[in-house]
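All remarks here apply to the structure that follows.
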Amino acid sequence: MKLAVVPVGAASQMIPTLISAGIADPGAKISKGAGVRYVPLREGREQDAAEMGLGVADGDAFKRSARTPQRRITERLSHLPADVLNGLPMRWEFVGDIVIIRLKGSAGPHKAEIGAAYAEELGVRTVCADTGGVSGELRKPATEILYGDNAESIRLENGIRYKFDVTKIMFASGNTDERNRMCKLDCKGETVIDMFAGIGYFTLPIAKFTGAKEIIACEKNPDSFRYLEENIRINGVTNVTPVLGDNRGLTHRGADRIIMGYVQRTSEFLAKAKEMIKPGGTIHYHDTFYVSEYRERLDSIFSNVFGTNGFHIAGVREVKSFAPSVSHYVADVTVL
Ligand SMILES: C[S@@+](CC[C@H](N)C(=O)[O-])C[C@H]1O[C@@H](n2cnc3c(N)ncnc32)[C@H](O)[C@@H]1O
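For what it's worth, our numbering labels the leading residue of the sequence shown as 4, then goes sequentially.
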């Protein structure tokens, strides 16, 4: 089997990255060598490890226990009251070396024990509980730490590092396809405005892969803005101008493309986008609609701002399901 050779000094940063990027084989154990850790790789991923500057060696690795982590967690916590035990999630989300679980009901006095079980069985340093989705204008998550003391981590996706604190900032894992699509746009020489930049969800793929000349990335939440600046730095992109504040204060004009990555109240910001886009420019408009009426709603929202003949809806994609009969859509709209 192929093993990535990770110097001990880089292990705390590299190993979570290898795991979250799906390069390390989660079914095999990491072993120690002199000044290094040997991380078993999934088949065919040695090139990815080499591109991260790691040596690759041949060797053996012990397989992890045949019992699934779900089974190990349930067995370990089997003494808890039945209502708590039944509420334990059997799925979770990794963000680097942090895991986020969604507890059904209250874990009450058992929180710390539950956190420790997930941490040790899944091999992560921090366990957080998502207690109620995201809320408010600034999309703050309701997340608390059950185990560990640091909720900051790096999610690696499409070769981009997204650093953030999972207790302060949302990360919509359901939007992966859309972030992927943004990497493939052709924005050669364009000026792009990201009106709801967050930590750089769409800004970074566009900045890194599409040939855009400049991305003006506006974000109102100071916590997200701090990570936006840091993510620009750690991804080595030089074509992003971050702007802290409300996008309604932007004075830019003549943008080739505008990203409106916000839902539910997006239409309130469309008049501002109109001020900033040039004729022939494209708006990537996100919003949630009842599945049966998304097309009429888009027509109506754009007609109200641009007039019936002032726009062309070039395409609409469903990003993800949002609620029963309601989906999150993105429309690519050309301004005429
Ligand atoms: C829903 S999040 C972005 C989600 C993201 N598209 C994803 O894939 O996960 C929207 C961001 O817009 C920011 N925001 C909300 N209103 C804003 C405004 N008026 N001006 C600038 N940023 C705003 C919020 O703070 C939040 O970080």
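The beta-carbon is built from N, C-alpha and C at its ideal position, and this holds for glycine as well.
A straight-line Cα-Cα distance of about 38 Å links D335 and I148.
By the beta-carbon neighbour count (other beta carbons within 10 angstroms, threshold 16), A27 is buried. With a 10 Å radius around the Cβ and a threshold of 16 neighbouring Cβ atoms, R74 comes out exposed.
Assignment of M173 by DSSP, reduced to helix, strand and coil, places it in the coil class. Judged by pairs of C-beta atoms under 8 Å, the stretch 189-205 touches the stretch 253-267, as three or more such pairs exist. DSSP, read as helix, strand or coil, puts T194 in strand.
Per DSSP, reduced to three states, the secondary structure at Y165 is strand. In the three-state reduction of the DSSP assignment, K32 falls in the coil class.
Separation of N89 and A53 (C-alpha to C-alpha, rounded to the nearest whole angstrom) is 43 Å. The C-beta distance from N234 to L207 rounds to 6 Å, short enough to fall under 8 Å. In this structure, the alpha-carbon of A258 lies about 15 Å from that of D189. CA-to-CA, the gap between E181 and S270 works out to about 20 Å. Around the beta carbon of D63, a 10 Å sphere encloses fewer than 16 other beta carbons of the protein chains shown; the residue is thus reported as exposed. Here the distance from the Cβ of S227 to the nearest heavy atom of ligand 1 is below 8 Å. For A326, the secondary structure class from DSSP, reduced to helix, strand or coil, is strand. In the DSSP annotation of this structure, the continuous segment of the alpha helix (DSSP H) that includes S15 starts and ends at V11 to S23. Inter-residue distance for K223 and Y230 is about 12 Å (C-alpha atoms, whole angstroms). Of V294, H315, N312 and P245, the smallest CA-CA separation from S330 is found for V294. Rounded to whole angstroms, the separation of the alpha carbons of L247 and C131 is 28 Å.
DSSP places R105 inside the beta strand (DSSP E), whose first and last residues are I101 to R105. Residue burial annotation: S227 is buried, with at least 16 other C-beta atoms found within 10 angstroms of its C-beta. By the beta-carbon neighbour count (other beta carbons within 10 angstroms, threshold 16), V11 is exposed. Here K277 carries a helix assignment [DSSP, helix/strand/coil]. Between A317 and T291, the gap from beta carbon to beta carbon reaches 9 Å or more. Looking at the backbone, the Cα of S34 and that of S15 are separated by about 14 Å. Per DSSP, V308 is not a residue of any beta strand (DSSP E); the alpha helix (DSSP H) it occupies stretches across Y297 to F309. The Cβ-Cβ distance between G203 and S156 does not fall below 9 Å. Ligand 1 approaches E222 closely enough that one of its heavy atoms is under 8 Å from the residue's Cβ. A direct Cα-Cα distance of roughly 25 Å separates G151 from P43.
Measuring C-alpha to C-alpha distances from N250 to each of N238, N242 and I219 identifies I219 as the nearest.
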